[in-house]
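Counting from 1, position 125 in the sequence shown corresponds to residue 125 in our numbering; the numbering is continuous, with no gaps. Structure first, commentary second.
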Amino acid sequence: MPDRPRLVIASGNAGKIREYRDLLAGAGVELVAYDSEVDEVGETYAENARLKAEAASTRSGLPALGDDSGLEVEALGGFPGIRSARLGPTQSERTDELLRRLHGTPRPWQARFVCVIALAVPGVETRTFEGECRGEVVPEWRGEAGFGYDPIFLVPGTGKTFGEMPPEEKRKYSHRAAAARALLESGALQQMSGS
């Protein structure tokens, strides 16, 4: 059996890497974690995802996947958006700051998670794939699963936050899973490996 082609995941986020291992398990590629430590200076999720993927691909010489994601809260005009990871030094502080800003604002706090995946393959134009999940921010932490804002994001029709869902259930709804499905359905990974 031939070796599976390697695909670099440009992230130092252990939770995100675990999620990609699950999401791309049947894709026929070997995932390699690589923390590209690229400054997110883009103005959009797609720009930041491209920066990460292209830097990791250039440095490794391999195809690379980078992503950027964020939580956009309607009551805050889409904030924090692409600045979701920079709202505070720790995730706990970021979540608390978001809830502080929402305090006193009428509920429900409609929101959406957005994820853009960029696939950079040496010698090929970088492609992007987007996914989203609409839901509601709740005022209290619920659940320990996942990472980021998962414990305060209520998924419609489930009565659960992402923080209360096991990975296999989260995959049915998440923004990252939707973007990964778009990537898989595009055939880009098969083209990358020449199959």
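The C-beta atom is built at its ideal place from N, Cα and C for all residues, glycine as well. Values in this document were obtained by computation on a predicted structure and should not be read as measured data.
According to DSSP, simplified to helix, strand and coil, what is residue i?
| i | result |
| --- | --- |
| Y149 | coil |
| E93 | helix |
| E132 | strand |
| R107 | coil |
| D22 | helix |
| S195 | Since pLDDT at S195 reaches only 43, below the 50 mark, its modelled position is unreliable, and the value read off the structure follows with that caveat. It is coil, neither helix nor strand. |
| A85 | helix |
| T158 | coil |
| P167 | helix |
| R4 | coil |
| R176 | helix |
| R101 | helix |
| R181 | helix |
Please name the residue in the options whose C-alpha comes closest to that of residue i.
| i | options | result |
| --- | --- | --- |
| E125 | V32, R176, L65, Y45 | L65 |
| Q110 | K170, L87, E72, E144 | E72 |
| L183 | D67, V41, H103 | D67 |
| E47 | I82, A56, R134 | I82 |
| E37 | N13, A118, G88, G148 | N13 |
| A179 | V116, K52, G42 | V116 |
| V138 | G123, E130, R127, R101 | R101 |
With distances taken between CB atoms, is the gap from residue i to residue j smaller than 8 Å?
| i | j | result |
| --- | --- | --- |
| T105 | A75 | yes |
| P151 | R142 | yes |
| D39 | S11 | no |
| L189 | V8 | no |
| S57 | A145 | no |
Is there at least one Cβ from chain D nearer than 8 Å to residue i's Cβ?
| i | result |
| --- | --- |
| E140 | Protein chains in the displayed structure number just one, and chain D is not present. |
Round the Cβ separation of residue i and residue j to the nearest angstrom and send it over; I've been treating them as touching at under 8 Å.
| i | j | result |
| --- | --- | --- |
| D22 | R181 | Contact doesn't hold; Cβ gap of about 13 Å is too wide. |
| F162 | G15 | Not confirmed; about 11 Å, so no contact. |
| V32 | R6 | 5 Å |
Segments of 4+ residues assigned as alpha helix (DSSP H) that fall wholly inside the stretch 27–82:
Fully enclosed alpha helix (DSSP H) runs of 4 or longer: 45–60.
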